[in-house]
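Chains as they are written, first to last, in the UniProt record's numbering: chain A, 1 to 389; chain B, 1 to 389; chain C, 1 to 389; chain D, 1 to 389.
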């Protein structure tokens, strides 16, 4: 089995998730498309880098991501940093001929993402953006049903991603609340997952009409690193402005005529990680709720009307990637499993010399949609989203 | 106990629901504010009228609603007809000095509703629009929590009303699909219930941005009366155009700064009567799902974070109107109970000489919002909704 | 339409529920099998009787149930009293040639029930025990599926009825906690509903192995009448012993080879009216949860394994009694609707000269099962239940 | 960090799960109590062993578990074989001075388990039985609430574990249907997980009354290895008898006075991995459903009655082991995470020189309970369970 040496940039929870996936992917998918090698972990802080390398099982550590990019032994660059570094690292990595997986969103907006996309166009490298939720087997199964025409023509999509980890004004001003570091707020952080799922399942988004709000205009500045979401802050610290959205609502129009809506918020008390969607077609519907992620709810119009209704379908060996996971589906799919499938798909694309999905073209398109959403929220108009030329 | 003689115009399922409520309201609310007397039932068809009067317990029947309006013994006119007759009957009834309850929506649009509203302004009669769902005790309890400030400042509202009874193109072209008879489609039929709930719980709606679709452009013409929703048709009958919306999505802005969204469709396979909402405030959230209507889900930000989460609160004797219903809340609230409470509130307003809620001013305002939604769906702009002058 | 004059014994919440059903049954079922006439309401307290008669729409009131039984104009006796009076009244009514509907349970035990049963055997009168929950359309539909063999051979039944209205030791010692008045506790009060459903859906119960507990051995004695469940008490009042079960668990064996279990408690904090069952057959399963009573969950083994799963079937016009209720099922079935269907089935049996289901033979059999459960809880043995000779 | 060399016996799905846990445990728990080293994987088939070692990341492979036990470099023996080998391997491993983790159940019955237990008593080695579900953070949190007295005195426990992977008579006769290989059927396979949870949360079980059924008396013999549950069979192959239970129901009595019930079946169409429990105490209740495993439902009697109800508590950093998992709880806990926590707890016990929980004494006690359940199912009596002397 071919080995690929990876350098990961970042030492936080995403580094943990990706490391887990690289360490275990071949256990699930066998024969694996390739053997990922955890070679080099980069963090600006030397001690953090060394500790994370030890913890997450990487052979070496370093403090400068440029060293990783310049290292000829490295095949794959994995970008698990805050958003403001995604583009710069990705471009450099692509120019150095590396395959690249970037955490989402690809960049802080379409302009920055375009540069990444164009850099990718100049290479034959495989690229991927880590929108992992679409890899939940139930979502992949929804994709299969739609592609096979089982739901008929798609009429409408409704998606939500609701959280409450920053609903309190005491929640600190981490990088996720600063436009210069994050690009946008709830939109980029969680809303783009829904955009990715909408494009994956329904098709290209052609225009949007949106509104966005920053409910908590300033937050206490954390003294040190805020390692975990919503933790690590001091409510009495001096406050500085939040310049990104706390909540965004948008309507969607798809190229194929379907319509949709999306809501993302980090201020929804009681909602922990409420990622849901509902899709209506002329021949059936599906609904998904990540809190019950072992299952997809599906209804077929063709069923006997007296016995027609949403069916609880547990994804298992008979469903996409189910063979690789657990013999009984509801043994339990978790965040880890989505990342393991993601790692599989990345390396499958690499060894096949193809693009992954979603790749940097998708990542760029998603940024165009995100920009259009923010523009619409600003100007109160429907804003068209240009396709890739 | 004072008696009030009612004339009801209509002999369909709404006549059944209202008759049940009048017959039993004092059994639940005691002492009742008044004793409703089922005096006169009107239907254009003489046999239908007579049969419905017998079935629903009305003393007399007739075929001309003008007779009811002209009858000095009648105190209250109850309009349970298709939408196109609401305004004309209501205006005549008001001019004759009757109290009026009208099924929703009040009219086929704001212009028509305005005339009704202005007629109501000329009288001291009590008016009510029969948006019954807001009377589900769990929703009334949500109102109480919000009014008491328990959820803090309201940030956002999301409402859905999804059905599938006309998702098939074989479903007949009943009056509900004809603009001249219904005014609008899913919007007026079910979407206005959500608009009513949004106004009731969150406040006045100031502007909207919407999209609407007619998914099934023509439907088979029914040969006779289509008594029941979605039934009675012949799929092979000649087809005629549908000129109302099958689905509408809209974003909302409220006077108080909250934002919102609403989706109504009759083409959502698998959704039977999916009326839900979710409201986020700075101090808590509520969610409601009419399929689990005995309960409200509530979370309070002030709870210990380790044990904070949506609570399943069953509405009972300790909650609004609960004393009147069943000693144990989840014995089961149904459609009937919402109509019984509605009847109580109507007669309470009548005997007190006050307006009911929602009344014809509300009904007019809801039509202005509905018109704004359709206008926005047409012109792609945010459309402001004027308040009552 | 033939009229039948009813005398009801009792003025509490059950009198309300039955009155509502009599007043509105023909509105739902048309042509109705008969016209129930609310003639005479009896309560020991003269004022209570008069007030209840006015409130619930009865023509006359009285204080002695024997007058009702002796009244030749009365056709039907409706027993809505505490349990200790059921048998005596029922026997007298039967001996006077009246049709009888009794609230459940039929008596305080099998011996008492046997006398009622034998009195019924001596007449041609129609009898019914008011186990209303089985009349939820979703449960009736489960019956239909099972009778048609759609679930194959039934293997197992699991039922629960969990409440919390008396989970607090401050909840007063109403008649429901006194063996002389109630016969048993949670078993008779709510557990027998599950026994009724189990017999209805699966078949005759042949033996049981049970355990029962009285968790709260004494409760404060209420000073006056305790009108509502769990209300009306004074926590500081003197306490007296509870001599009935607070909770019962039992295993079941059915004549047809199926096995089962049942749990009933009034001490399950957080459970309001948690009536559920799950039935597994060789060809499919059904589950029901009264909190989502508009629907039945059904799975068929014959479905394609990749898309097999519980279907959410909303009961509507295509399902038993659905035509009589609401045109869209999830408009909402409530406690009232179960009682309306019950009233229909009672009068249908009366006019047809047949026995209702469940009738006094069923009521007697259920008491034998209840006695067997208590005996087993006492002696720790499986206890057989004799069939009707 | 101290390294411990593990030899795992088995190459199936449990080997996958344990390998994943060993590879990633320190990524989650840091500093980890120890570094597990995947040294030696044993399977009777040489090729299978070599392939599994490569796939799951083990340094060496072999075909004879006795070699692993005899290997002085091995510190820990991990038994992931079919049940009939658990005891023999465990005893040999203990006698060789190894720490031992065994998949559940510990043995094919109490007699066999006793020998293992006694072997464990002769050593200072750490032992663990891999009842992983109790390590779901929500269950661990329930344990914490109960231990702190937050639910008061525990009154009752109800647990279910329902599956359908062998509900079809065509499902092959794998080792799980043969008493000589499995010991028991649904009871040992899944019911013991519930027994483990019941003992963990409520306390020692003192007696049981049970019934058990073999619904499908014979099944087709698989020609080769049946790798996955329910797969790999040929419905037309010759059939042989099943001599274990397909379904078991039992009532429970606990030492502390609580009562309980348990149902386990592999014939419950529509149930995939339905592991649930509900516990009532004098001061509150908890319910858990593994399909929504990110959350625990908790109600406290001390809450204001008007707002008392089950709360949806998502387990996260503030809850047991939450710090080690994901920063937002509902990012998603899966089967993998339960095994990672299990691995942590095993090595923590090893380095501390303590017993793990559940250990072989627990495993033995659970086998005594399982034997008592089968004995009761046979003799129809309540059967007492002796404690450990």
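Where a beta carbon is used, it is the ideal one built from N, C-alpha and C, also for glycine. In this text, all values refer to a predicted model and were calculated from it rather than measured experimentally.
Does residue i have its Cβ less than 8 Å from a Cβ in chain D?
i: residue 319 of chain B; result: yes
i: residue 20 of chain A; result: yes
i: residue 298 of chain B; result: yes
i: residue 33 of chain B; result: no
Relative to the C-alpha of residue i, which candidate in the options has its C-alpha closest?
i: residue 197 of chain A; options: A:187, A:147, A:134 and A:3; result: A:134
i: residue 73 of chain A; options: A:60, A:79 and A:82; result: A:60
i: residue 259 of chain B; options: B:87, B:238 and B:158; result: B:158
i: residue 6 of chain D; options: D:13, D:137, D:71 and D:313; result: D:71
i: residue 305 of chain B; options: D:317, D:272, D:290 and D:101; result: D:317
i: residue 254 of chain C; options: C:131, C:369 and C:80; result: C:369
i: residue 363 of chain D; options: D:114, D:352 and D:2; result: D:114
i: residue 102 of chain C; options: C:130, C:321 and C:208; result: C:130
Would a check of beta-carbon distances place residue i closer than 8 Å to chain C?
i: residue 146 of chain B; result: no
i: residue 276 of chain A; result: no
i: residue 259 of chain D; result: yes
i: residue 150 of chain D; result: no
Got a sec, what are the start and stop residues for the beta strand (DSSP E) residue i sits in?
i: residue 39 of chain B; result: 35–42
i: residue 108 of chain C; result: No beta strand (DSSP E) holds residue 108 of chain C; DSSP gives it neither H nor E.
i: residue 78 of chain D; result: 76–79
i: residue 60 of chain A; result: 60–62
Verify the CB distance criterion: does residue i have a CB-CB separation below 8 Å to chain A?
i: residue 308 of chain D; result: no
i: residue 391 of chain B; result: With chain B running from 1 to 389 in the structure shown, residue 391 of chain B is simply not present.
i: residue 205 of chain C; result: no
i: residue 165 of chain B; result: no
i: residue 302 of chain B; result: no
i: residue 193 of chain B; result: no
i: residue 313 of chain C; result: yes
i: residue 294 of chain D; result: yes
i: residue 222 of chain D; result: no
Could you give the first and the last residue of the continuous alpha helix (DSSP H) run that contains residue i?
i: residue 339 of chain C; result: 335–352
i: residue 28 of chain A; result: 13–28
i: residue 55 of chain C; result: 46–56
i: residue 367 of chain C; result: 360–379
Tell me which same chain residues have a C-beta within less than 8 Å of the C-beta of residue i, skipping the five on either side of it?
i: residue 365 of chain B; result: 199, 204, 385, 387 and 388
i: residue 63 of chain C; result: 42, 43, 44, 45, 46 and 49
Who are the near neighbours of residue i in its chain, counting only those whose CB is closer than 6 Å to its CB and skipping five residues on each side?
i: residue 29 of chain B; result: 324 and 344
i: residue 123 of chain A; result: 94
i: residue 92 of chain D; result: 69
Taking 8 Å as the threshold (beta carbon to beta carbon), is residue i in contact with chain B?
i: residue 421 of chain C; result: This structure gives no information on residue 421 of chain C, because the portion of chain C shown stretches from 1 to 389.
i: residue 211 of chain A; result: yes
If you drop the 5 nearest sequence neighbours on each side, which residues of the same chain put their C-beta closer than 7 Å to that of residue i?
i: residue 155 of chain C; result: 258, 280, 281 and 282
i: residue 393 of chain D; result: Residue coverage of chain D in this structure runs from 1 to 389, which leaves residue 393 of chain D outside it and unanswerable.
Next item on the list: Return the chain-ordered ranges of every beta strand (DSSP E) run that is complete within the UniProt domain "GFO/IDH/MocA-like oxidoreductase" (141–286) of chain B and spans a minimum of 3 residues.
Entry: 154–162, 205–213, 218–220, 239–241, 247–254, 259–265 and 274–281
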